[in-house]
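J.:
2 protein chains.
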Amino acid sequence: MYSIGQVSKMFDLPIPTLRYYDKEGLFRDLEREPSGIRKFNDQSIEALRVIECLKKSGMQIKEIREFMDWCAQGDSTLEKRKEMFYQQRKEIKRQMEELQKTLDMVEYKCWYYDTACEEGSEKDLKKDFEKRMPEAIRQCFENAHR
Amino acid sequence: MYSIGQVSKMFDLPIPTLRYYDKEGLFRDLEREPSGIRKFNDQSIEALRVIECLKKSGMQIKEIREFMDWCAQGDSTLEKRKEMFYQQRKEIKRQMEELQKTLDMVEYKCWYYDTACEEGSEKDLKKDFEKRMPEAIRQCFENAHR
DNA sequence: TCTTGACCTAAAGTTAGGTTTAGGTTGTAC
DNA sequence: GTACAACCTAAACCTAACTTTAGGTCAAGA
Numbered sequence: 001m002y003s004i005g006q007v008s009k010m011f012d013l014p015i016p017t018l019r020y021y022d023k024e025g026l027f028r029d030l031e032r033e034p035s036g037i038r039k040f041n042d043q044s045i046e047a048l049r050v051i052e053c054l055k056k057s058g059m060q061i062k063e064i065r066e067f068m069d070w071c072a073q074g075d076s077t078l079e080k081r082k083e084m085f086y087q088q089r090k091e092i093k094r095q096m097e098e099l100q101k102t103l104d105m106v107e108y109k110c111w112y113y114d115t116a117c118e119e120g121s122e123k124d125l126k127k128d129f130e131k132r133m134p135e136a137i138r139q140c141f142e143n144a145h146r
Numbered sequence: 147m148y149s150i151g152q153v154s155k156m157f158d159l160p161i162p163t164l165r166y167y168d169k170e171g172l173f174r175d176l177e178r179e180p181s182g183i184r185k186f187n188d189q190s191i192e193a194l195r196v197i198e199c200l201k202k203s204g205m206q207i208k209e210i211r212e213f214m215d216w217c218a219q220g221d222s223t224l225e226k227r228k229e230m231f232y233q234q235r236k237e238i239k240r241q242m243e244e245l246q247k248t249l250d251m252v253e254y255k256c257w258y259y260d261t262a263c264e265e266g267s268e269k270d271l272k273k274d275f276e277k278r279m280p281e282a283i284r285q286c287f288e289n290a291h292r
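Given below as structure tokens:
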């Protein structure tokens, strides 16, 4: 059993954020002491791990709550939950591809400014950067503009 | 030269978004017709490509404006701009690592629900999923929990 | 001439995901 | 018995990045 302060430190999340998640219904099974103090058990900790994961993959709080609702409903929702994770996997892979394109653009810009800094000016480079691009950078450039 | 409507279609961005970017000072060189209508030239188009790239890597509008200001100031800011792209490259690589961890967690969950769906219940699986995990999934699981 | 479509502005509104504030309770150490 | 830390709630506030609204200009075609 963990207090909200302990969980806050474990996950490096502010206490009000944990309360906010609770208010939004993300901890279905959260117990309380008679005085009203929250008690996080291993299930809540695992839930929080899943919450963090789904948030990082771009899911909204209300979608995460829906998932938590499904969990609470038991085995009848197993297929739905499975589908959700398969879709999320697809979504993450899409994000990775997009991020790779962004990185390609940034790699090109790094080369561009490296060269411009060496020359002390970007005037000449601006004119025919395409001709002067090394092959590795050309590929980044082309990928980034597609 | 392109109208705001053409640019909107080219980049699949709403017209008010382009106006908003302009108001925020993201197009330093944007020309206007005497009547006030915006004319996007190749420079503005290239600027928009950079804006999209920097936004995708998580940069804020005001940081992007600062970069555009540097561009307008000429060669004296080349080092700053180079530094910015190097830092952004680092940031994107960090994001990719994080996304990989998220994917690992989701891969584990896909396996979990695959197995649970086959059995029609997650009761048994919940008890000793660690013992039953295939080696490939175990690695995802461990990575995701680090 | 009148209507239509594409553009303009300023200002108000929206949304998600928190964060802050104000005021109150509880349990333990001195 | 009082001070202190750690918890609680409800409600107001905040921020970024748009989006919508309301009202207006302008050029071309019927």
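One line per chain: the protein sequences are U and L, in this order.
Heads up, the final residue of the first sequence is numbered 146 in our numbering, and it's a clean run with no missing numbers.
Heads up, the final residue of the second sequence is numbered 292 in our numbering, and it's a clean run with no missing numbers.
Backbone N, C-alpha and C define an ideal beta-carbon position, used for all residues, glycine too.
On a predicted model such as this, the values are computed, not experimentally measured, just so you know.
(1) Determine, using beta carbons only, whether residue 51 of chain U and residue 26 of chain U come nearer to each other than 7 angstroms.
(2) Determine which residues of the region 198-228 of chain L have a Cβ less than 7 angstroms from any Cβ of chain U, and write them out in chain order.
(3) Spell out whether any CB of chain U is found under 7 angstroms from the CB atom of residue 156 of chain L.
(4) To the nearest angstrom, how far is it from the Cα of residue 237 of chain L to the Cα of residue 180 of chain L?
(5) Under DSSP, the alpha helix (DSSP H) around residue 45 of chain U begins and ends at which residues?
(6) Using beta-carbon positions only, say whether residue 228 of chain L and residue 113 of chain U come within less than 7 angstroms of one another.
(7) Need the endpoints of the alpha helix (DSSP H) that residue 267 of chain L sits in, please.
(8) According to the neighbour-count rule (16 or more other Cβ atoms, all chains shown, within 10 Å of its Cβ), is residue 241 of chain L buried or exposed?
(9) Straight-line CA distance for residue 257 of chain L to residue 36 of chain U?
(10) Could you check how far apart the C-beta atoms of residue 245 of chain L and residue 99 of chain U are, in whole angstroms? I think they sit under 8 angstroms.
(11) Excluding the 5 residues flanking residue 31 of chain U on each side, which residues of the same chain have their C-beta closer than 6 angstroms to its C-beta?
(12) Pop quiz: residue 262 of chain L and residue 54 of chain U are said to be a contact at Cβ under 8 angstroms. What is the actual Cβ separation, rounded to whole angstroms?
(13) Starting from the beta carbon of residue 114 of chain U, find every residue of chain L whose beta carbon is closer than 8 angstroms, and list them in chain order.
(14) Quick one, which of L:276, L:195, L:255, L:287 has its alpha-carbon nearest residue 67 of chain U's?
(15) Give me the DSSP bridge partner(s) of residue 31 of chain U.
(16) Check each candidate in U:75, U:64, U:105, U:72 and name the one with the smallest Cα separation from residue 85 of chain U.
(17) Using a Cβ cut-off of 7 angstroms (strictly closer), state whether residue 272 of chain L contacts chain U.
(18) Can you check the region 207-237 of chain L for any alpha helix (DSSP H) of at least 4 residues that lies completely inside it and give the ranges in chain order?
(19) Within 7 angstroms of any Cβ in chain L, is that where the Cβ of residue 27 of chain U sits?
(20) So is residue 140 of chain U in contact with chain L if we call contact Cβ pairs under 7 angstroms?
(21) Using the DSSP secondary-structure output, state which residues sit across from residue 148 of chain L in a beta bridge.
(22) Residue 87 of chain U to residue 43 of chain U, Cα distance in whole Å?
(23) How is residue 16 of chain U classed by DSSP in three states: helix, strand or coil?
(24) Measure the beta-carbon distance from residue 107 of chain U to residue 137 of chain U and round it to whole angstroms, keeping in mind my assumption that it falls under 8 angstroms.
(25) Since residue 80 of chain U and residue 70 of chain U should fall inside the 8 angstroms C-beta cutoff, what is the C-beta to C-beta distance between them, to a whole number of angstroms?
(26) Between residue 92 of chain U and chain L, is the shortest Cβ-Cβ distance under 7 angstroms, so that the two count as touching?
(27) Can you check whether the C-beta of residue 153 of chain L is within less than 7 angstroms of a C-beta belonging to chain U?
(28) Residue 88 of chain U CB to nearest chain L CB: under 7 angstroms?
(29) Name the chain L residues whose beta carbon is nearer than 8 angstroms to that of residue 95 of chain U?
T.: Per the coordinate set shown:
(1) As a first step, residue 51 of chain U is located in the first sequence; it is residue number 51 there, counting from the start. As a first step, residue 26 of chain U is located in the first sequence; it is residue number 26 there, counting from the start. The answer is yes: Cβ separation under 7 angstroms.
(2) Only those residues of the region 198-228 of chain L whose C-beta falls short of 7 angstroms from the nearest C-beta of chain U are listed: 199, 202, 203, 221, 224, 225, 227, 228.
(3) Position 10 of the second sequence, counting from 1, holds the residue named residue 156 of chain L. With 7 angstroms as the cut-off, residue 156 of chain L does not count as an interface residue toward chain U.
(4) Counting from 1 along the second sequence, the entry for residue 237 of chain L is found at position 91. Counting from 1 along the second sequence, the entry for residue 180 of chain L is found at position 34. Looking at the backbone, the Cα of residue 237 of chain L and that of residue 180 of chain L are separated by about 42 angstroms.
(5) Translated into positions along the first sequence, residue 45 of chain U becomes position 45. According to the DSSP assignment, residue 45 of chain U belongs to the alpha helix (DSSP H) that extends over 42-56.
(6) For the purposes of this step, residue 228 of chain L is identified with residue 82 of the second sequence, where counting begins at 1. For the purposes of this step, residue 113 of chain U is identified with residue 113 of the first sequence, where counting begins at 1. Cβ distance < 7 angstroms, so residue 228 of chain L and residue 113 of chain U count as in contact.
(7) If you number the second sequence from 1, residue 267 of chain L lands on position 121. Careful: residue 267 of chain L lies outside any alpha helix (DSSP H) and carries neither H nor E.
(8) Locating residue 241 of chain L in the second sequence gives position 95, where the first residue counts as 1. So residue 241 of chain L counts as buried.
(9) Counting from 1 along the second sequence, the entry for residue 257 of chain L is found at position 111. Counting from 1 along the first sequence, the entry for residue 36 of chain U is found at position 36. Rounded to the nearest angstrom, the two C-alpha atoms are 37 angstroms apart.
(10) Mapped onto the second sequence, residue 245 of chain L falls at position 99. Mapped onto the first sequence, residue 99 of chain U falls at position 99. With 8 angstroms as the limit, residue 245 of chain L and residue 99 of chain U qualify as a contact, their Cβ atoms being about 7 angstroms apart.
(11) Residue 31 of chain U sits at position 31 when you count from the first residue of the first sequence. Taken in chain order, the residues that qualify are 39.
(12) Sequence index remark: in the second sequence, residue 262 of chain L carries index 116 (1-based). Sequence index remark: in the first sequence, residue 54 of chain U carries index 54 (1-based). Not quite, the Cβ-Cβ distance comes to about 18 angstroms (not below 8 angstroms), so this is no contact.
(13) As a first step, residue 114 of chain U is located in the first sequence; it is residue number 114 there, counting from the start. Near residue 114 of chain U (Cβ distances below 8 angstroms), the residues of chain L are 228.
(14) Along the first sequence, one-based indexing puts residue 67 of chain U at 67. The residue with the shortest Cα to Cα distance from residue 67 of chain U is L:255.
(15) The residue given as residue 31 of chain U occupies position 31 in the first sequence. As computed with DSSP, residue 31 of chain U is found in a beta bridge with U:39.
(16) Counting from 1 along the first sequence, the entry for residue 85 of chain U is found at position 85. Residue U:64 holds the alpha-carbon nearest to the alpha-carbon of residue 85 of chain U among U:75, U:64, U:105, U:72.
(17) By 1-based counting over the second sequence, the position of residue 272 of chain L is 126. Chain U, which has no Cβ nearer than 7 angstroms to the Cβ of residue 272 of chain L, makes this no.
(18) Scanning the region 207-237 of chain L from its first residue to its last, the whole alpha helix (DSSP H) runs of 4-plus residues come out as 207-219.
(19) The sequence position of residue 27 of chain U within the first sequence is 27, counting from 1. No, its Cβ sits nowhere closer than 7 angstroms to a Cβ of chain L.
(20) Here residue 140 of chain U corresponds to residue number 140 of the first sequence, with the count starting at 1. Residue 140 of chain U is outside the set of residues whose beta carbon lies under 7 angstroms from a beta carbon in chain L.
(21) Numbered from its first residue, the second sequence carries residue 148 of chain L at position 2. Paired residues: L:186.
(22) Indexing the first sequence from 1 puts residue 87 of chain U at position 87. Indexing the first sequence from 1 puts residue 43 of chain U at position 43. Inter-residue distance for residue 87 of chain U and residue 43 of chain U is about 24 angstroms (C-alpha atoms, whole angstroms).
(23) Reading the first sequence from its first residue, position 16 is the one you call residue 16 of chain U. The answer is helix: DSSP assigns residue 16 of chain U an H, G or I state.
(24) The residue given as residue 107 of chain U occupies position 107 in the first sequence. The residue given as residue 137 of chain U occupies position 137 in the first sequence. Cβ-Cβ separation between residue 107 of chain U and residue 137 of chain U: approximately 7 angstroms, consistent with a contact (criterion under 8 angstroms).
(25) Within the first sequence, the letter at position 80 stands for residue 80 of chain U. Within the first sequence, the letter at position 70 stands for residue 70 of chain U. Right, their Cβ atoms sit about 6 angstroms apart.
(26) The count along the first sequence starts at 1 and reaches residue 92 of chain U at position 92. Chain L has a Cβ within less than 7 angstroms of the Cβ of residue 92 of chain U.
(27) Stepping through the second sequence from its first residue, residue 153 of chain L is reached at position 7. With 7 angstroms as the cut-off, residue 153 of chain L does not count as an interface residue toward chain U.
(28) Locating residue 88 of chain U in the first sequence gives position 88, where the first residue counts as 1. Interface with chain L (7 angstroms Cβ-Cβ cutoff): residue 88 of chain U is included.
(29) Looking up residue 95 of chain U in the first sequence gives position 95. The answer, in chain order, is 245.
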